[in-house]
Ligand SMILES: [Zn+2]
C-alpha cells in the first residue's frame with residue numbers, strides 16, 4: 037500500500053529506455069511487448085514513427101466534450117448530435133464516451149446520448165455535482181425528450197446512479213418515460229466490455245424504472 041503512494045522513480049535518461057518504460061505503462065502491454073514495439077518504432081522510418089506521436093498529440097489537443105451530449109469531438113457538437121436522422125426524443129445516459137462506441141456497434145439504438153463522465157461513488161467522493169447531471173436536467177427541461185434510457189453500468193454504483201437520476205427526472209418531468217437496460221450484461225463491468233449482441237438485447241429488453 038505504501039509503495040503505491042511512493043514517488044514514481046525518475047524516467048530513465050536514455051530515450052529508448054524511456055520509450056519502453058512509457059509503453060509498458062499502457063494497459064495490456066508487458067515488458068516484452070513494450071520492447072518489441074520500441075524496436076519496431078526504432079526500425080521504422082522517421083515519418084512512420086512520428087505518425088504515432090502526432091496522433092497522440094492531436095487526440096489530446098483537439099478532442100473536447102460535445103457541448104450538447106458530452107461525447108468527445110473535435111467540433112462544437114459531435115456528429116451524433118448533428119445527425120438529423122437520430123431520434124432526439126430518446127436520450128441514452130452513459131457513464132463514459134467509450135460506452136457510446138460500444139452501443140453504436142450494436143446498431144440497436146437510434147436516439148441521442150448524454151455522457152455523465154462517471155457515476156456516483158460516495159467512497160471515491162464523486163457526488164452529483166461532479167457529474168454532468170445538471171446539463172441532463174437542462175436538456176429535459178428544454179423539452180422534446182420523451183424517454184431517457186439509463187445505461188449506467190450494472191454495478192452497485194451504476195444502479196445507485198440510475199435510481200438517483202430517476203428520482204430527479206421524475207420530479208422534473210412526471211410524464212417522462214425512464215427505462216433501464218435489461219440485465220444480462222456481465223455484472224460489475226461497464227458497457228464498453230460487453231458484446232454488441234448483448235448490448236442489443238439489453239436495449240430491446242429495457243424496462244421502466246420503478
Ligand atoms: Zn454530442
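Numbering (the working numbering), first residue to last: 37 to 246. Every residue gets a Cβ at the ideal spot worked out from N, C-alpha and C, and that includes glycine. Note that the coordinates shown come from a computational prediction; the quantities given were computed from them, not determined experimentally.
Residue i: which of the options sits nearest, CA to CA?
i           : options            : result
residue 100 : 192, 158, 162, 153 : 153
residue 71  : 81, 54, 115, 147   : 54
residue 215 : 240, 191, 139, 168 : 240
residue 134 : 107, 116, 118, 148 : 107
residue 208 : 235, 170, 243      : 170
residue 176 : 104, 61, 80        : 104
residue 219 : 198, 242, 206      : 242
residue 96  : 110, 84, 197       : 110
residue 128 : 217, 231, 234      : 217
residue 174 : 126, 77, 205, 51   : 205
residue 231 : 201, 61, 137, 62   : 137
residue 98  : 80, 86, 112        : 112
residue 182 : 158, 114, 213      : 213
Assign residue i to buried or exposed, taking buried as 16 or more other Cβ atoms, counted over all protein chains shown, within 10 Å of its Cβ.
i           : result
residue 156 : buried
residue 210 : exposed
residue 190 : buried
residue 90  : exposed
residue 147 : buried
residue 309 : In the structure displayed, the chain extends from 37 to 246; residue 309 sits before or after that span and is not available.
residue 121 : exposed
residue 74  : buried
residue 168 : buried
Any idea which residues DSSP pairs residue i with across the strands?
i           : result
residue 215 : 185, 244
residue 128 : 149, 185
residue 157 : 162
residue 108 : 101
residue 83  : Paired residue(s): none; residue 83 is not in a bridge.
residue 123 : 147
Alpha carbon to alpha carbon, how far is residue j from residue i? Give it in angstroms, no decimals.
i           : j           : result
residue 132 : residue 150 : 9 Å
residue 145 : residue 237 : 11 Å
residue 139 : residue 49  : 43 Å
residue 180 : residue 123 : 10 Å
residue 119 : residue 67  : 43 Å
residue 38  : residue 166 : For residue 38, the predicted model reports a pLDDT of 47, less than 50, meaning its position is unreliable and no value from the coordinates is stated.
residue 141 : residue 116 : 13 Å
residue 88  : residue 76  : 12 Å
residue 199 : residue 130 : 14 Å
residue 92  : residue 195 : 34 Å
residue 59  : residue 186 : 36 Å
residue 83  : residue 64  : 26 Å
residue 255 : residue 184 : This structure gives no information on residue 255, because the portion of the chain shown stretches from 37 to 246.
residue 202 : residue 161 : 21 Å
residue 81  : residue 57  : 21 Å
residue 158 : residue 143 : 34 Å
residue 52  : residue 69  : 14 Å
Is residue i near ligand 3, with its Cβ less than 7 Å from a heavy atom?
i           : result
residue 116 : Absence of ligand 3 is noted for the structure shown, with ligand 1 being the only ligands found.
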